[in-house]
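Okay, so here's the structure we're looking at.
Put into structure tokens, the structure is as follows:
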């Protein structure tokens, strides 16, 4: 279990750089039910968000982990709030955000949800069917629009033009930092142990090379702590 | 691990009732991609199909397991074909069905697939979006319509009027047996270790009480073997 080993080694490198800091992290996919059996979801395993929660705890932070459905065991000392849909996640985040210093939105939140949620399993009678979807609330933008807002870190998982999309998202949603990563490749992204990220602020783009998600999470948390302390200095 | 224990105990009860029999079993959900990141799927864990594969091997059968994406380890002696979408599963089944004596369709196959599969991640720009879906081929019906057809066992997972829907499916698709189970409750069905089933033939309905899926699978395989041998006597 190299991942567990990395987590164990990580405990030896406690930095306390986030001691006394309240952090909320969202992780995993959301599940948008079409009926009691079917739903729309995505390939997020939750690994990156859970690794960041672990790394933030190691750095001394108090962590609230708002998680969509995953198969992962959360870090021991995290406060965990389990949710299913994007609407659930939005409500759970808003309910608990007021005393948080840092918000890291890692969850792969569904952009849209089906208008109708059938209480009974849909029967297949027609040759074609259409699903009408409406936009979900934007959790990250709603958190960043608070006054005062916590220090906001977004994730942009894109299949193409990753950095351009990520910078657009940073500016549009008024984020402090955005971690851009390329998904859909075979080497990094969803459901695999390694990841590579470019951390983008208004001033700079810092590439963090491909590595185990737990190692990457510790690097990211160190960078986030540095930017957070600079902003609040 | 009670499930593994049940599997181990099962090995002591080898019946050889299916010795020399070629069985194909489909298991798990299918994943119908909306784009490289998102897709439509269902709550099937694959447990029931994998348990049936294990029980059939214990009964002496040679098993081909055609499986959608699951987190399970397949039985050691099964020939495993991994697939993603309903179209993949249909192709894999049809490619390999000709020498099979028994077909058991346990997979929770998506009834519909999106017409468009975007190569790039869909951007959220509109307030509403519609997904147009077309019907997938009916794997079970296509297998049962072969001439000669293997002995065909279907599964009907329903949230309401379970037995009536199941009997309709048995007749419409010309199956030999159908295993009807109620899903959406908290005690049986998808993603939980226990299940209860009513096994329906043209003549009778046999309730198999709620129990561990491995124990239930052995009962089901014994019933299937009995019906198969009666039909071919």
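Protein chains in written order, with my numbering: chain W, 1 to 233; chain U, 1 to 233.
Note that beta-carbon positions come from the ideal geometry of N, C-alpha and C, so glycine has one too.
Owing to the predicted nature of the structure, the values given are computational and were not obtained by experimental measurement.
With 16 as the cutoff for other CB atoms within 10 Å, does residue i come out buried or exposed?
{"i": "residue 38 of chain U", "result": "buried"}
{"i": "residue 160 of chain U", "result": "exposed"}
{"i": "residue 218 of chain U", "result": "buried"}
{"i": "residue 99 of chain U", "result": "exposed"}
{"i": "residue 59 of chain U", "result": "buried"}
{"i": "residue 144 of chain W", "result": "buried"}
{"i": "residue 21 of chain W", "result": "buried"}
{"i": "residue 32 of chain W", "result": "buried"}
{"i": "residue 111 of chain W", "result": "buried"}
{"i": "residue 36 of chain U", "result": "buried"}
{"i": "residue 113 of chain W", "result": "buried"}
{"i": "residue 136 of chain U", "result": "buried"}
{"i": "residue 230 of chain U", "result": "exposed"}
{"i": "residue 78 of chain U", "result": "buried"}
{"i": "residue 49 of chain W", "result": "buried"}
What is the residue span of the beta strand (DSSP E) that residue i lies within?
{"i": "residue 79 of chain W", "result": "79–82"}
{"i": "residue 154 of chain U", "result": "151–158"}
{"i": "residue 205 of chain W", "result": "205–212"}
{"i": "residue 167 of chain W", "result": "Unbroken run through residue 167 of chain W is the alpha helix (DSSP H), 162–172; no beta strand (DSSP E)."}
{"i": "residue 49 of chain W", "result": "Segment 47–58 is the alpha helix (DSSP H) holding residue 49 of chain W; no beta strand (DSSP E) there."}
{"i": "residue 40 of chain W", "result": "38–42"}
{"i": "residue 104 of chain W", "result": "102–105"}
Give every residue of the same chain whose Cβ lies closer than 6 Å to the Cβ of residue i, excluding the five residues on either side of it in the sequence, and list them in chain order.
{"i": "residue 187 of chain U", "result": "The predicted model places residue 187 of chain U with a pLDDT of 49, which falls under 50 and marks its position as unreliable, so this point remains unresolved."}
{"i": "residue 115 of chain U", "result": "132 and 134"}
{"i": "residue 205 of chain U", "result": "198"}
{"i": "residue 42 of chain W", "result": "29 and 108"}
{"i": "residue 17 of chain W", "result": "59 and 225"}
Within its chain, find whatever has a CB closer than 8 Å to the CB of residue i; leave out the 5 residues flanking it on each side and keep chain order.
{"i": "residue 1 of chain W", "result": "Residue confidence for residue 1 of chain W is low, a pLDDT of 44 falling below 50, so the modelled location carries little weight; the figure read from the coordinates is stated next. Result list for residue 1 of chain W: empty, nothing under 8 Å."}
{"i": "residue 19 of chain U", "result": "59, 60 and 61"}
{"i": "residue 163 of chain U", "result": "180, 198, 200 and 205"}
Identify the residues that DSSP records as bridge partners of residue i: which are they?
{"i": "residue 178 of chain U", "result": "U:154 and U:200"}
{"i": "residue 128 of chain W", "result": "U:134"}
{"i": "residue 64 of chain W", "result": "W:24 and W:79"}
{"i": "residue 116 of chain U", "result": "Answer by DSSP bridge pairing: none, since residue 116 of chain U is not bridged."}
{"i": "residue 35 of chain U", "result": "The partner list for residue 35 of chain U (beta bridge, DSSP) is empty, contrary to what the question assumes."}
{"i": "residue 147 of chain U", "result": "In DSSP, residue 147 of chain U forms no bridge with anything."}
Locate the alpha helix (DSSP H) running through residue i, then write down its first and last residues.
{"i": "residue 109 of chain U", "result": "No alpha helix (DSSP H) contains residue 109 of chain U, which DSSP labels as neither H nor E."}
{"i": "residue 88 of chain U", "result": "86–96"}
{"i": "residue 233 of chain W", "result": "No alpha helix (DSSP H) holds residue 233 of chain W; DSSP gives it neither H nor E."}
{"i": "residue 143 of chain W", "result": "139–144"}
Spatial neighbours of residue i within its chain, please: C-beta separation below 7 Å, excluding the five flanking residues on both sides.
{"i": "residue 216 of chain U", "result": "195, 197 and 208"}
Would the region 145–159 of chain W and the region 149–163 of chain U be scored as touching if the rule is three or more Cβ pairs under 8 Å? no
Touching or not, the region 73–87 of chain W and the region 194–201 of chain U, by the rule of three or more beta carbon pairs under 8 Å? no
For the region 50–67 of chain U against the region 23–37 of chain U, do three or more pairs of beta-carbon atoms, one drawn from each stretch, fall closer than 8 Å, so that the two count as touching? yes
Residues of the region 40–62 of chain U in Cβ contact with chain C at a cutoff of 7 Å, in chain order, please. Absent from the structure: chain C. Protein chains present are W and U.
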